[in-house]
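Structure first, then comments.
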Amino acid sequence: MKFGGTSVADLTRIERVARHVAAEVASGKEVCVVVSAMAGETDRLVGLAAAAAGEGLHRNADVDTVVSSGEQVTAGLLALVLQREGIAARSFLGWQVAMRTDDTPSAATIHHIDTTTLANTFKQGEVAVVAGFQGVSPDGRITTIGRGGSDTTAVALAAALKACRCDIYTDVDGVYTSDPRIVASARRLDRLTFEEMLEMASVGAKVLHTRSVGIAMAHGVPIRVLSSLTEPGENGACTLIMDENDIIERRTVSAVVPSRAEARISLLGVPNVPGKSGIIFTALADAKVNIDMIVQSQARAGESANMSFTLKEADLSLAQSILAGLKDEIGFTDLMADQDVSKVSIIGVGMNDHSGVAATMFAAFGKKGINIHNISTSEIKISALIPADYTELAVRTLHDAFGLGEVSEGGA
Ligand code: ADP
Ligand code: ASP
Ligand code: MG
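Residue numbers for the sequence shown follow the UniProt record's numbering, beginning at 1 and rising by one.
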């Protein structure tokens with residue numbers, strides 16, 4: 001069971017979380033709980049660390065020491081509340097579970113979890129309450145695994161413990177056809193495939209951390225997304241994320257996902273010779289900067305090309321400084337950065353055997369005067385980069401164009 005920031009925002013909510021845990025314990029299950037920091041707390045800690053570090057705060061192990069501390073508080077508080085309610089429980093920090101990660105500050109990857117300690121905890125009839133989002137590097141430093149990473153802590157633990165499922169409790173009662181905060185007519189989806197959820201998360205739907213879905217898919221851990229804001233048993237609604245083979249209906253478009261946290265870098269005058277893209281993207285990959293939509297203008301032999309790509313807004317200054325350092329080696333003339341862009345994506349497993357999906361999307365944009373900068377596609381996704389001011393209009397337009405608000409569950 002994983003509880004996010006809003007679910008543990010204060011003691012009253014932590015008490016409700018304890019009732020959800022108690023209900024699972026009462027049904028005879030061994031329970032491992034993962035908690036996030038209280039809502040807003042990680043942002044506050046990031047701000048403190050940034051103020052302390054001053055200029056040049058990029059990736060620094062001591063930032064993780066600060067930023068991981070919110071989860072320590074909630075893990076302890078939930079264990080205390082559970083004990084008060086007569087449920088045997090104890091808290092664990094990442095290093096105590098032996099949540100082993102690599103040594104990339106702020107973006108560490110989980111490599112291995114030693115389940116011996118947790119197995120002993122269950123044997124003694126105790127609930128394990130684990131601090132999400134944090135781990136320990138090979139040289140013993142505290143690491144964090146990326147914003148929103150407690151989902152990944154939970155699914156990784158579920159996989160390692162061979163749990164029957166991983167329940168992600170949050171402030172909505174499931175995954176919707178679009179962010180319910182933007183689209184009033186968004187509907188909850190009863191079921192979604194791992195592939196669809198992976199695409200949704202990776203293009204920016206906040207509801208699940210991308211790597212959590214990748215791990216669930218690789219290890220076959222069924223995920224339920226459900227609300228912690230109701231009492232146990234009060235609202236049976238949830239979204240089940242499962243294998244495609246177990247889903248009969250294949251919707252062409254299941255969801256529309258906006259992401260405002262995008263930025264675009266354009267490199268002008270890149271010499272059109274082999275090896276330049278390799279230098280650019282290797283340097284960014286080494287710094288764990290994820291690159292998304294890449295567009296290169298056509299250039300004749302001997303001429304220079306322009307290249308543009310998108311990345312997370314949070315990585316922009318790091319990427320700019322890396323590329324500026326390679327200006328001579330790459331040989332570009334100018335670097336332009338643009339933060340006033342956002343990405344809107346449509347996702348659906350049925351898309352790969354339906355034609356006309358892109359046509360519907362772009363015609364709908366055209367009718368509303370929404371200009372498209374870049375386009376990228378996968379078998380089950382189409383993303384468009386557009387001016388940020390048009391984000392909400394674009395999302396509502398696509399939600400309507402694909403009939404997502406009206407069609408009954410499982411319909412076309
Ligand atoms: P938590 O703190 O529990 O991890 P998050 O804020 O990370 O919660 O994720 C839940 C939020 O995700 C919801 O409040 C909702 O606004 C947002 N969200 C974005 N897209 C969707 C979607 N398609 N379905 C449901 N929620 C979504
Ligand atoms: N507390 C961390 C964050 O705000 C991790 C999480 O909530 O999943 O990003
Ligand atoms: Mg989250």
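Note that the Cβ used here is the ideal one computed from N, Cα and C, for glycine as well.
Quick check on this structure: which residue in the options has the alpha carbon closest to the alpha carbon of residue i?
i: ILE168; options: ALA218, GLY132, ASP315, ARG187; result: GLY132
i: ILE145; options: THR210, ILE294, TYR390, GLY5; result: THR210
i: ARG191; options: PHE309, GLY47, ALA159, GLY348; result: GLY348
i: ALA88; options: GLY269, ILE294, VAL33; result: VAL33
i: ILE113; options: GLN96, SER342, VAL129; result: GLN96
i: PHE194; options: ASP315, THR177, ASN272, HIS219; result: HIS219
i: GLY94; options: ALA201, ALA119, GLY140; result: GLY140
i: GLY174; options: GLN298, LEU226, LEU80, GLU55; result: LEU226
i: THR377; options: VAL357, ASP389, ALA364; result: VAL357
i: LYS327; options: ALA9, GLU231, ARG300, SER277; result: SER277
i: MET1; options: HIS111, LEU80, VAL155, ALA364; result: VAL155
i: ALA160; options: SER178, VAL46, THR116, ASN352; result: THR116
i: MET200; options: ALA75, THR391, ALA119, VAL253; result: VAL253
i: VAL289; options: ARG300, GLN296, ALA314, GLU71; result: ALA314
i: HIS399; options: SER266, SER304, MET242, PRO180; result: PRO180
i: ARG147; options: LYS381, PRO387, ALA283, ALA39; result: ALA39
i: ALA388; options: VAL129, THR65, GLY70, SER259; result: SER259
i: THR65; options: ALA49, THR74, ARG187; result: ALA49
i: ALA263; options: LYS343, THR170, SER91, SER137; result: LYS343
i: ALA359; options: SER266, PHE402, MET307, VAL25; result: PHE402
i: VAL295; options: VAL341, SER317, HIS373, GLU249; result: HIS373
i: SER321; options: VAL73, ALA337, MET307, VAL207; result: ALA337
i: LEU118; options: MET361, THR282, ARG90; result: ARG90
i: VAL341; options: GLY350, SER308, ASN352; result: SER308
Consult DSSP for residue i and reduce its assignment to one of helix, strand or coil.
i: ALA98; result: coil
i: THR282; result: helix
i: PRO105; result: coil
i: GLN296; result: strand
i: LEU326; result: coil
i: SER355; result: coil
i: THR252; result: coil
i: LYS367; result: helix
i: LYS288; result: coil
i: ASN374; result: strand
i: THR193; result: strand
i: ALA401; result: helix
i: THR65; result: helix
i: VAL207; result: coil
i: PHE3; result: strand
i: ILE380; result: coil
i: LEU385; result: strand
i: THR12; result: helix
i: ARG121; result: According to the sequence provided, residue 121 is Thr. The question's Arg does not apply to it. Reduced to three states, the DSSP call for THR121 is helix.
i: LEU335; result: strand
i: LEU215; result: Looking at the sequence provided, one finds Ile at residue 215 rather than Leu. Here ILE215 sits in helix by DSSP.
i: VAL73; result: helix
i: LEU226; result: strand
i: ASP246; result: helix
i: VAL183; result: coil
i: ASP167; result: strand
i: SER27; result: coil
i: ALA18; result: helix
i: VAL257; result: strand
Can the beta-carbon of residue i be found less than 9 Å from the beta-carbon of residue j?
i: ARG44; j: PRO105; result: no
i: LYS367; j: ALA394; result: no
i: LEU404; j: ALA255; result: yes
i: residue 443; j: ASP151; result: Residue 443 is absent from the structure shown; the chain starts at 1 and stops at 412.
i: LEU11; j: LEU82; result: no
i: CYS166; j: ILE247; result: no
i: THR153; j: MET197; result: no
i: SER345; j: SER383; result: yes
i: GLY5; j: ALA37; result: yes
i: LEU323; j: ILE280; result: yes
i: ARG19; j: GLU231; result: yes
i: GLY269; j: SER304; result: yes
i: GLN134; j: GLU71; result: yes
Per DSSP, residue i is paired with what?
i: PRO138; result: Paired residues: none, contrary to the question.
i: PRO274; result: Answer by DSSP bridge pairing: none, since PRO274 is not bridged.
i: VAL33; result: VAL129
i: HIS112; result: ARG100
i: PHE309; result: ILE265, ILE294
i: TYR176; result: ARG188
i: SER150; result: According to DSSP, which records beta bridges pairwise, SER150 is partnered with nothing at all.
i: ASP340; result: According to DSSP, which records beta bridges pairwise, ASP340 is partnered with nothing at all.
i: PHE92; result: VAL130
i: PRO232; result: Partner(s): none; PRO232 has no beta bridge.
i: TYR390; result: Answer is none; TYR390 lacks a bridge partner.
Could you tell me whether any non-hydrogen atom of the ligand NAP is closer than 8 Å to the CB of residue i?
i: MET200; result: Looking for the ligand NAP in the displayed structure turns up nothing; the ligands present are the ligand ADP, the ligand ASP and the ligand MG.
Which residues end up in the neighbourhood of the ligand MG when you take C-beta atoms closer than 5 Å to any of its heavy atoms? GLY4, GLY148
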